[in-house]
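Q:
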Amino acid sequence: MRHFLQRKGAALFALLFLLASCGPFISPFSQEAFKSATSLKARSLAIIAKADQPYAQHQDAVEQLLVDVDAAYEFAKGRPRNDVSTRLWDTLRDPEENLLGGFAARWEEQGRLSTFLAGESSIQIAEAYDIIICVEVTKKRPADC
């Protein structure tokens, strides 16, 4: 079931990425959105690396990160013709998916996670951020991400 959900999430990201190539139908490049995505990626990966420690020790940082990801989602949602980016952010933050929101929910629920799981999740979450970043860059100029 877990692999099915991972494939489903990857397929959704691939589909949304393809849709993002339709230049005139998407919002223009935003330096603020780009900076937010790159900063949140770095912060997310730094926090994920600590998931083998008790969640309670990092709860405030995780909660602040999730609030900041929600803010990035709201920023994307508020921009005209930005549905692709909005859906990408929504999937990343969803606690029912296997990306950042789901990772944080599992960590909170289990108290701590294995180094292996954190590493595998880190790879998937980094790729999700890379797609979000690439979609934004592609709005500015065609990019081969």
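Read in order, the letters of the sequence shown are residues -26 to -1, 1 to 119 in mature numbering (1 follows the signal peptide of the UniProt record, and there is no 0).
C-beta atoms are modelled at their ideal positions from N, C-alpha and C, and glycine is treated no differently.
#1: For Phe77, does the count of other Cβ atoms within 10 angstroms reach 16, so buried, or fall short, so exposed?
#2: Using only the alpha-carbon positions, how far apart do Leu66 and Ala46 sit?
#3: What does the Cβ neighbour count give for Ile97, buried or exposed, with the cut at 16 atoms within 10 Å?
#4: Should Glu110 go down as buried or exposed, given a rule of 16 or more other Cβ atoms within 10 Å for buried?
#5: Check whether the Cβ atoms of Ile99 and Leu73 lie closer than 9 angstroms to each other.
#6: For the alpha helix (DSSP H) holding Ser59, just list the boundary residues, first then last.
#7: Excluding the 5 residues preceding and the 5 following Cys119 in the sequence, name in chain order all residues of the same chain whose CB lies nearer than 6 angstroms to its CB.
#8: Give me the Cβ distance between Leu14 and Asp42, rounded to the nearest whole Å; I'm assuming they're in contact under 8 angstroms.
#9: Which two residues bound the contiguous alpha helix (DSSP H) that contains Ala15?
#10: Quick check on DSSP: helix, strand or coil for Glu70?
#11: Kindly examine the ligand ADP and report whether one of its heavy atoms sits closer than 8 angstroms to the Cβ of Leu91.
#12: Look up Arg80 in the DSSP assignment and say whether it is helix, strand or coil.
#13: With 16 other CB atoms within 10 Å as the buried threshold, where does Glu6 fall?
#14: Taking residue 132 as part of the alpha helix (DSSP H), name the residues at either end of that continuous run.
#15: Which whole-angstrom value is the C-beta distance of Ser59 and Leu39, which I expect to be below 8 angstroms?
A: So, to answer that:
#1: buried
#2: 11 angstroms
#3: Classification for Ile97: exposed.
#4: The residue is buried, with at least 16 neighbouring Cβ atoms inside 10 Å.
#5: yes
#6: 57 to 67
#7: Cys108
#8: 6 angstroms
#9: In the sequence under discussion, the amino acid at residue 15 is Lys, which differs from the Ala named in the question. Here the alpha helix (DSSP H) through Lys15 covers 5 to 22.
#10: Coil.
#11: Here there are no bound small molecules, and the ligand ADP is not part of this structure.
#12: helix
#13: exposed
#14: In the structure displayed, the chain extends from -26 to 119; residue 132 sits before or after that span and is not available.
#15: Incorrect: roughly 19 angstroms between the Cβ atoms, too far for contact.
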